[in-house]
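Asks:
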Amino acid sequence: MTVPLDRHYSVELQVSAERVSQVRRIVAAHLRHWSLELQVRPVCRAMDELLTNVHRHVGDANTCVLELRWSGRHVTVSVADNSARMPRLLPSGGGLSRVMALSDSWGTCRTTDGKVVWFTRYAQAPQTARLLPSPPLPGAGESRRAPLAALV
Numbered sequence: 002m003t004v005p006l007d008r009h010y011s012v013e014l015q016v017s018a019e020r021v022s023q024v025r026r027i028v029a030a031h032l033r034h035w036s037l038e039l040q041v042r043p044v045c046r047a048m049d050e051l052l053t054n055v056h057r058h059v060g061d062a063n064t065c066v067l068e069l070r071w072s073g074r075h076v077t078v079s080v081a082d083n084s085a086r087m088p089r090l091l092p093s094g095g096g097l098s099r100v101m102a103l104s105d106s107w108g109t110c111r112t113t114d115g116k117v118v119w120f121t122r123y124a125q126a127p128q129t130a131r132l133l134p135s136p137p138l139p140g141a142g143e144s145r146r147a148p149l150a151a152l153v
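Spelled out as structure tokens, the structure:
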């Protein structure tokens with residue numbers, strides 16, 4: 002199956018609890034449209050962590066940019082904000098620990114305006130069912146004949 006290269010969604014937003022739930026529904030809709038139903042829950046949970054971290058540590062007044070991409074093999078979610086404060090992996094099990102548990106890879110990168118935090122998940126396109134019926138197996142028609150004893 003060939004995957005079109007235009008599987009991309011990007012939005013700039015001010016993060017709040019209400020906006021996080023709106024963005025979650027939008028991202029879930031994109032994943033379903035791309036036939037990635039099995040990725041909806043883990044991707045949205047990890048994305049929630051990234052957006053919640055922006056809300057908690059950067060503040061409401063700042064904007065961030067969320068990007069969602071699907072290459073045909075991997076889903077990548079990145080959140081860029083304008084804070085120079087880099088995130089830390091805490092042993093408490095929340096935040097980036099949860100992102101790490103829900104993803105195949107993740108990372109952070111400084112930018113000229115702040116930073117980007119991202120994660121990826123392996124997500125190959127599901128195989129579609131064949132639309133044409135399979136030809137009958139050899140000898141399948143013989144089982145439908147009447148028994149020889151009934152013919153006598």
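Position in the sequence shown (first residue = 1) + 1 = my numbering.
Each residue gets a CB set at the ideal place from its N, CA and C atoms; glycine is no exception.
All values reported here derive from a predicted model rather than from experimental measurement.
Given this structure, state the Cα-to-Cα distance separating residue 158 from residue 57, to the nearest angstrom.
Replies: Outside the shown range of the chain (2 to 153) lies residue 158, about which nothing can therefore be said.
Asks: Have a look at 34, 66 and 107 and flag the residue whose alpha-carbon is nearest the alpha-carbon of residue 13.
Replies: 66
Asks: On the criterion of 16 or more Cβ atoms from any shown chain inside 10 Å, does residue 37 qualify as buried, or is it exposed?
Replies: buried
Asks: Which of helix, strand or coil does DSSP assign to residue 16?
Replies: coil
Asks: Taking just the CA atoms, how far does residue 19 sit from residue 73?
Replies: 30 Å
Asks: Is the distance from the Cβ of residue 33 to the Cβ of residue 48 below 9 Å?
Replies: no
Asks: Which runs of the beta strand (DSSP E), 3 residues or longer, sit entirely within the stretch 62 to 118?
Replies: 64 to 71, 75 to 82 and 106 to 111
Asks: Go ahead and label residue 42 buried or exposed: buried means 16 or more other beta carbons lie within 10 angstroms of its beta carbon, across all protein chains shown.
Replies: exposed
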